[in-house]
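Colleague:
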Amino acid sequence: MKSIVLIVGFETFNRNLYRQSGLLASSKCPDLEVKVFSDKSLTSEPEIVEQALATADVFFASLIFDYDQVTWLRQRAAQIPIRLVFESALELMSLTRLGEFAIGDKPKGMPKPIQFILSKFSSGKEEDKLAGYLSFLKTGPKLLKFIPAKKVQDLRNWLIIYGYWNAGGTENVAAMCWVIAQKYLGLKVREIPEVIETPNKGLLHPDYQGYFLTPQEYLAWYKKNKSLDKPVVAVLLYRKHVISKLPYINQLIRHFETANLIPLPVFINGVEGHTIVRDWLTTDYEIQQRKKGIIETPSLSEDAVTVDAIVSTIGFPLVGGPAGSMEAGRQVEVAKRILSAKNIPYLIAAPLLIQDIYSWTRQGIGGLQSVVLYALPELDGAIDTIPLGGLVGETIYLIPERLQRLTGRLNSWIKLHKTPPQERKIAIILYGFPPGYGAVGTAALLNVPRSLVKFLQALQAQGYHVGTIPEDGEEIIQKVKFADDENLSKQNRLSIETLENWLGYLLTSRIEKHWKSLKDAGIKTVGNQYHLGGIELGNIWIGVQPPLGIAGDPMRLMFEKDLTPHPQYAAFYQWLQKDFKTDAIIHFGMHGTVEWLPGSPLGNTGYSWSDILLGDLPNLYIYAANNPSESILAKRRGYGVLISHNVPPYGRAGLYKELMILRDLIAEFRENPEKNYALRDSILQKIIDTGISKDCPFLEAEKQGIEFTLENAKLFSRYALTDYFVKVYNYLQIVEQRLFSSGLHTLGTAPNQEELKGYLDAYFTDLSEREFQQILADEATNEKLKEGIAIKNLLGQNSEELTNLLRGLNGEYVPPAPGGDLLRDGAGVLPTGRNIHALDPYRMPSPAAYTRGREIAKKLLEQNLTEKGKYPETVAVLLWGLDVIKTKGESLGILLELVGAEPVKEGTGRIVRYELKPLGEIGHPRIDILANLSGIFRDTFINIIELLDDLMQRAAEIEESENDNYIRKHYLALKSQGIDNASARLFSNPAGDFGSLVNDQVVEGNWDNDNELAKTWEKRNVFSYGRQDKGQARPEVLQQLLKTSESIIQEIDSVEYGLTDIQEYYGNTGGLKLAAEKQSGKPVMTSFVESFSNDTTPRKLEEVLRLEYRSKLLNPKWANAMVNQGSGGAYEISQRMTALIGWGGTANFSDDWVYDQAADTYAFDAEMAEKLRQANPEAFRNIVGRMLEAQGRGFWQADPDKLEKLQELYQLTDEKLEGVT
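Here the sequence shown is numbered in the numbering used here, starting from 4 and rising by one per residue.
1) For K229, does the three-state DSSP call read helix, strand or coil?
2) Is the beta carbon of R412 sitting closer than 7 Å to the one on D619?
3) Based on Cα-Cα distance, which residue from D1003, P993, I932 lies nearest to R971?
4) So, do the stretch 608-617 and the stretch 779-789 have three or more beta carbon pairs nearer to each other than 8 Å?
5) Mark F485 as exposed unless 16 or more other C-beta atoms lie within 10 angstroms of its C-beta, in which case mark it buried.
6) Buried or exposed for P403, please, with buried defined as at least 16 other CB atoms from any protein chain shown within 10 angstroms of its CB.
7) Give the single residue among E1007, E1080, A985, G995 whose Cα lies nearest to the Cα of R1037.
8) Apart from the five residues on each side of it in sequence, which residues of its chain come closer than 6 Å, Cβ to Cβ, to D764?
9) Go through the stretch 204-286 residue by residue and report every complete run of the beta strand (DSSP E) that reaches 3 residues or more, in order.
10) Taking a contact to mean a Cβ-Cβ separation below 7 Å, would you say E804 touches N346 in this structure?
11) Classify A1166: buried if its beta carbon has 16 or more other beta carbons within 10 angstroms, exposed otherwise.
12) Distance check for P354 and L267, CA to CA, integer angstroms please.
13) Could you tell me if G708 is buried or exposed, where buried requires 16 or more neighbouring beta carbons within 10 angstroms of its beta carbon?
14) Give every residue of the same chain whose Cβ lies closer than 8 Å to the Cβ of I472, excluding the five residues on either side of it in the sequence, and list them in chain order.
15) Between I945 and G369, is the Cβ-Cβ spacing less than 7 Å?
16) In terms of alpha-carbon separation, which member of R988, I859, K1046, T1141 lies closest to I1055?
17) I'd like to confirm the pairing. Which residues does DSSP put opposite Q54 in its beta bridges?
18) Do you know offhand how far I317's Cα is from E90's?
19) Among D692, N272, T712, whose alpha-carbon lies nearest the alpha-carbon of F701?
20) Whole beta strand (DSSP E) runs in the stretch 313-369 with 3 or more residues, listed along the chain?
21) Can you give the Cα-Cα distance for L560 and V887, rounded to whole angstroms?
22) What residues are listed by DSSP as bridge partners for M1088?
23) Less than 7 Å separating the beta-carbons of V1058 and S632?
24) So, does the stretch 774-783 touch the stretch 818-834, judging by three or more C-beta pairs under 8 Å?
25) Give the secondary structure of E36 by DSSP, where H, G and I count as helix, E and B as strand, and everything else as coil.
26) Whole angstroms is fine: what's the gap from Y21's alpha carbon to K5's?
27) Could you check where the alpha helix (DSSP H) with V483 kicks off and where it finishes?
28) What are the start and end residues of the alpha helix (DSSP H) that includes P1119?
29) With burial defined as no fewer than 16 other Cβ atoms inside 10 Å of the residue's Cβ, what is the status of Q736: buried or exposed?
30) Does the structure place the stretch 509-529 close enough to the stretch 439-453 that three or more beta carbon pairs sit under 8 Å?
31) Buried or exposed for G12, going by 16 or more other Cβ atoms inside 10 Å?
32) Would you call the stretch 669-684 in contact with the stretch 720-737, where contact means no fewer than 3 C-beta pairs closer than 8 Å?
33) Determine the direct distance from the alpha carbon of E503 to that of T1072, and round the result to whole angstroms.
34) Between the stretch 858-873 and the stretch 840-849, do three or more beta carbon pairs fall short of 8 Å?
35) For a test of the three-state rule: what should DSSP assign to Q736, helix, strand or coil?
36) In the DSSP assignment, find the unbroken beta strand (DSSP E) run with G392 in it and report its ends.
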């Protein structure tokens, strides 16, 4: 008895078909046995598979990519005489051997005659080579008849075998087995049928027997049988699924027709999707362009038909499909060029082929499935990805409600395009959370009022009905704020009964379960009506997105998975859909909250509230280009077509006030220290008054435990003080050169000359005035100037932010681009106005990120050795989606060096394992890790989480001394206590939830002491993730890691978001530091690296805070740049005062000089205070209120006179807001 073992991946749903093929093969050849397994069998029944391989004569595998499975199979299949591996990892395909034909680990390529023949089967374009290869596979065996040599005959047989396999279907696979049996196993088979041919590409319809060979032929048949007066949507399908007669194909086609769409179902092998879109599909836009002589696709076929949208059920990149994924987006530019030429929506919608519906609906789409449907197509500019169903057992099921969402969104995009601009209704959604702090009409890094006016003017120029546009955007914001206040405005209300009818019984019940009834939530509810607010300018509606939660807990919804939006929140979006009947919505800036609502982490279901509330509405989302992390949620959960905008210009901090005087005094002193020694006391007093002694401690005094005062300083020698003054002078130079984000960006506005200089000076760091003038004059005399001119020109294209927003509103294709920032990523992130995306998660860390991360980790360990005389046993590493994406995985590099590991790549460049290095190569013990994951990292990088979890388990179990391996030391201690999963090291918030809640406590002021903040952080981060854990609480493991954590390391990813700029740093990193200190009773060294700079030296928390406060909050240049931005700038200042309180609460940061100078800058400078009060009284109240809170909590020892003035200011501002005076 001869045996063929056949193992298929990605095709669990076809396992029964292959079983039938095996039975058919055995029926005609009784001495042949075909044993069929799927890739799942390798984990569910490994012993049975291993036994089958041990006695096999032929090993056959297809679509096996998992590294562990590849390694396992290589070990067990290498001795089998005949090995046939198709479309799998290169490491497995290299096993291929058929007679004299073998691929081997270092293939030399095909014989020259074969290469010549192969060259005749493609267009000559690089992107068409794979499609040409498939053509060759069909006719290659016939041509190879004429080429002698045994080796080529084995190659010919290999092609014949592949031809049967690729043709698919029960009969062809059985015939393939007969060919192998007869030619290589010595078995007799009476008659082997020819391949039952199916076109490599074609079209089909359930009502037609056979296939159409061109789209023209299909539509000609369709016209005879059905109507052609509906939109036509091209649907790309897997040929193999068509051949296998999978039922979902016909179900999908039928559904399109019930939704009043004409399906154009095109099947392909997978690699040639771009040739179909390029050559077989055209659009009204392309036809008009070609009439003007603009021909982007010269190969457009005469058989091409006009379509209104494209849906791919294949996923992967458009160019190359599954094979293209190996190239990590190498052909993205080709895809962009093709899709831009067609200029219609390109959507991804498919059933999950490697994940079951149960796990999707409960845990979200994960692993490779998420990369196939989301990460890779997004590189091409795909939008609105919709999972249509998935596996139930070995069967693919479509979910009818998901089909409706697909066709509903398609119809909306097509309607948007076909509706004339003057008739389109557009809803613009502004933000206003947290309420009561002056946040209405603000967005991160964007001047919303000015941008809003520019956008409305652009709409008017395009023919939209916008009424009368106020000249000042602040006037619009004031009108929107008035309309949004249910106590002031009565316009635009919705009855509770109407909402109940709209929601239906099930959704109403879900909301009532959490909010008691539709009218008792108490949020913007007046009697039996919801207040929706908003103003109308012609057909344009502008309103404020509702708060997420209840009064006193405005962000509640973000953090409780099973909650629903409150009734008024639901009413807001339902009204936009069903009463105002908007054609599209625009979320105006970064960022709103609808995409953060409870639901599936990835892969919206009918139970996901973002899906329910957005429904079929096209969603254009204006987002900062430097945030490819949070924007992923807007794109994937919120169906957002992202329109990126530039970051504000950069500025250098310079020196100001007392710092400038101090620098000049030291400079004069250094000219002649002996002659100018009389300046000593003035210098010392300035150092004390400015707080510089905190930034730059006088180490000679510290060593002796002497407090640094003017009198004490006199005890030290002239030489010691002179050296100290030099140290202070050098530090002032660092402060002077610090970068900050200057003001806010206005949508569609190119930088003026001064702003352009700010960008270029920050990018080059050493740009001279002469070089700047050469760039302005386009004098490209060297590479640096060429790059400068390119950046200047790209920044000049900021107008495309508005252009592409308008194109999106026209239902057109918005070209994609990677998210990132200029300083870190260079000109590749420009121009803005693009549909930004992240990167392939299977390629992190990049080689450069790994190298830089290792360097950071080594410096961190050196600092610990210097200060404490020993290595830290545990280091907490913060893994945030934003810094990991922007740095391509530097923080992963840090972690790997600490553990003593390195990335392992398979043949296509994918990272498939983090491998432990021998202790002798590391140079330090294996450091234990507490990896704290942001919610976005947790949901986006599931593959990395599983690789890290695997690494930590192997590090815990390897036989090494506890003195050399702290991971093992702590693992064994936990295991001895009977703790499950003692190697768990990856902790985050509860599954589907986001944030530590520490910052929310600080914002609301509802905390009494730091113990409460520490407990909040710990309760919110006790949830473990990995291959086994999907959010299980593991308090014992977390507490052990916190107790042994002696150091924390994190990357700061951009100039715009420093420690003092946003609430998340103190809420997460500060909360972690506090929790660790409470557990251990010892201070925990917390360090940061600024990834946008070349410096890899970790700086301590206190040093970074002082640097940032000196260069931003307390800096008149920064303050004036912000206050000149109106209400948004005032809010930004207010936010930083709240963050200052947060650092006091979590890190006990209480430098009086910061509060003193902040009070002088924003409260006691009458002109500044009046500007802030006029621009945004709520924000000004918060600024003053935070100063009072700091004094009350003991963070600031305020002068009594200052305190009294602040109290008067606060009361006056509060009374004006409440309308008392």
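Ideal Cβ positions, reconstructed from N, Cα and C, are used throughout, including at glycine.
From a predicted model like this one, the values you see are computed outputs, not experimental measurements.
Modeller: So, to answer that:
1) coil
2) yes
3) I932
4) no
5) exposed
6) exposed
7) A985
8) L770
9) 235-241, 265-271
10) no
11) buried
12) 18 Å
13) exposed
14) V456, L459, Q460, Q463, L540
15) yes
16) I859
17) The partner list for Q54 (beta bridge, DSSP) is empty, contrary to what the question assumes.
18) 15 Å
19) T712
20) 349-359
21) Its pLDDT being 42, under 50, L560 is placed unreliably by the model, and the measurement read from it follows with that caveat. C-alpha separation (whole angstroms): 26 Å.
22) S1050
23) no
24) no
25) strand
26) 18 Å
27) 476-487
28) 1119-1126
29) exposed
30) no
31) buried
32) yes
33) 43 Å
34) no
35) helix
36) 386-395
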